[in-house]
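Asker: Take a look at this one; I'll ask things after.
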Amino acid sequence: MFIKRSESGQIEQVSREATEECREFVPPCSPELQAFVAEGEDHDNQALTQSDLAFVRVLEDVINVLMDKGVISFTDLPEPAQQKLLDRQSLRKRINSVGLMPDSEDDTI
-7 MFIKRSESGQ IEQVSREATE ECREFVPPCS PELQAFVAEG EDHDNQALTQ
43 SDLAFVRVLE DVINVLMDKG VISFTDLPEP AQQKLLDRQS LRKRINSVGL
93 MPDSEDDTI
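Heads up: the sequence shown begins at -7 in the working numbering, then just goes up one per residue.
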């Protein structure tokens, strides 16, 4: 692997091939390289988790719109999905009743 270092000597970019920016060779088993890759994976996993949480709300809204328009009915959903929707609605009502959530419809959980 070829790397580019920051002014402080930390790895800031990695390439499988030598490039104009990544000229220094580091073996793939290098602890420094593995730590850099693991740090990137942690960041990516956190971003994916945040995206999943926001997307859950989008799906909940889509399901509600489909039910409101009569495209599907609640009973069309599998029982586990019905239970999850009921659980979320109950939780949302409890949170709203104590003023922990914003009043806007575009809030995210």
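Beta carbons are placed, not taken as given, at the ideal position from N, Cα and C, and that holds for glycine. Quick caveat: nothing in here was measured; it's all calculated off a predicted structure.
For the beta strand (DSSP E) that contains Q5, what are its first and last residues?
Answerer: The residue you call residue 5 lines up with position 13 of the sequence shown. 3 to 7 is the extent of the beta strand (DSSP E) around Q5.
Asker: Classify I87: buried if its beta carbon has 16 or more other beta carbons within 10 angstroms, exposed otherwise.
Answerer: The residue given as residue 87 occupies position 95 in the sequence shown. The residue is exposed, with fewer than 16 neighbouring Cβ atoms inside 10 Å.
Asker: Should C21 be labelled buried (16 or more other beta-carbon atoms within 10 Å of its own) or exposed?
Answerer: Your numbering for residue 21 matches position 29 in the sequence shown. So C21 ends up on the exposed side.
Asker: Using the Cβ count rule (16 or more neighbours within 10 Å means buried), how would you classify F28?
Answerer: To locate residue 28, count along the sequence shown from 1; it is residue 36. The residue is buried, with at least 16 neighbouring Cβ atoms inside 10 Å.
Asker: Considering Cα atoms alone, identify which of T11, R84, G1, V63 is closest to F148.
Answerer: Outside the shown range of the chain, which is -7 to 101, sits residue 148, and nothing can be said about it.
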